[in-house]
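Going by my numbering, 251 is the number at position 103 of the sequence shown; the sequence numbering is gapless. The beta-carbon is built from N, C-alpha and C at its ideal position, and this holds for glycine as well. Just so you know, these numbers come straight off a predicted model, no measurement behind them.
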Amino acid sequence: MIYTSGSTGRPKGVAVPHAGLMAMVDSLSERFDLDHDARVLQFASFSFDASVFGIMLALLNGGTLVIADEEHRTPGRPLVDLINDARINLVALPPVVVGALPEGSTLPRACAWW
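Right, dumping it as structure tokens:
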């Protein structure tokens with residue numbers, strides 16, 4: 149059971165079969181060539197349903213889940229520094245966050261955005 153963000157009116161619980169979650173993890177793991185070297189940044193709030201795939205991609209591939217604290221969830225130098233310092237190679241960021249990163253930010257080539 150996960151809870152949706154409420155974009156259709158109000159938050160609600162949704163039953164998600166394990167098979168669907170595993171198919172998603174398998175597909176994304178293959179797409180991003182993930183293995184035990186995966187270093188995934190958990191950027192989304194744990195209360196947001198989209199946070200599930202980041203957690204699973206890291207842990208079910210034997211990788212590392214790095215959890216961004218409040219300071220590092222704001223678009224700016226602290227977020228860029230965390231991505232580089234923690235050697236993140238997979239993170240899902242909203243387009244508005246990517247667009248607000250400091251100009252000239254250097255990020256790992258292997259980082260994937262969607």
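Between the region 186-196 and the region 209-217, do at least 3 Cβ pairs fall closer than 8 Å? yes
For PRO250 and ARG225, which I take to be in contact (beta-carbon distance under 8 Å), what is that distance rounded to the nearest angstrom? Taking the first residue of the sequence shown as position 1, residue 250 is located at position 102. Taking the first residue of the sequence shown as position 1, residue 225 is located at position 77. Going by Cβ atoms, the distance from PRO250 to ARG225 rounds to 6 Å, so yes, they are a contact pair.
Going straight from the alpha carbon of MET204 to that of ILE236, what length do you get? For the purposes of this step, residue 204 is identified with residue 56 of the sequence shown, where counting begins at 1. For the purposes of this step, residue 236 is identified with residue 88 of the sequence shown, where counting begins at 1. Roughly 15 Å between the two C-alpha positions.
Rounded straight-line distance, which links the Cα of GLU218 to that of PHE194: Position 46 of the sequence shown, counted from the start, is the residue given in the question as residue 194. Position 70 of the sequence shown, counted from the start, is the residue given in the question as residue 218. Answer to the nearest angstrom: the Cα atoms are 13 Å apart.
Beta-carbon proximity list for GLY247, same chain, < 7 Å, skipping 5 on both sides: Here residue 247 refers to the residue found at position 99 when the sequence shown is read from its first residue. Correct list: empty, nothing qualifies.
Could you tell me if ALA240 is buried or exposed, where buried requires 16 or more neighbouring beta carbons within 10 angstroms of its beta carbon? Taking the first residue of the sequence shown as position 1, residue 240 is located at position 92. By the 10 Å Cβ count, ALA240 comes out buried.
Between PHE196, ALA167, ARG158, which lies nearest to PRO242 when the distance is taken from Cα to Cα? As a position in the sequence shown, residue 242 is number 94, starting the count at 1. Taking only the C-alpha atoms, the option nearest PRO242 is PHE196.
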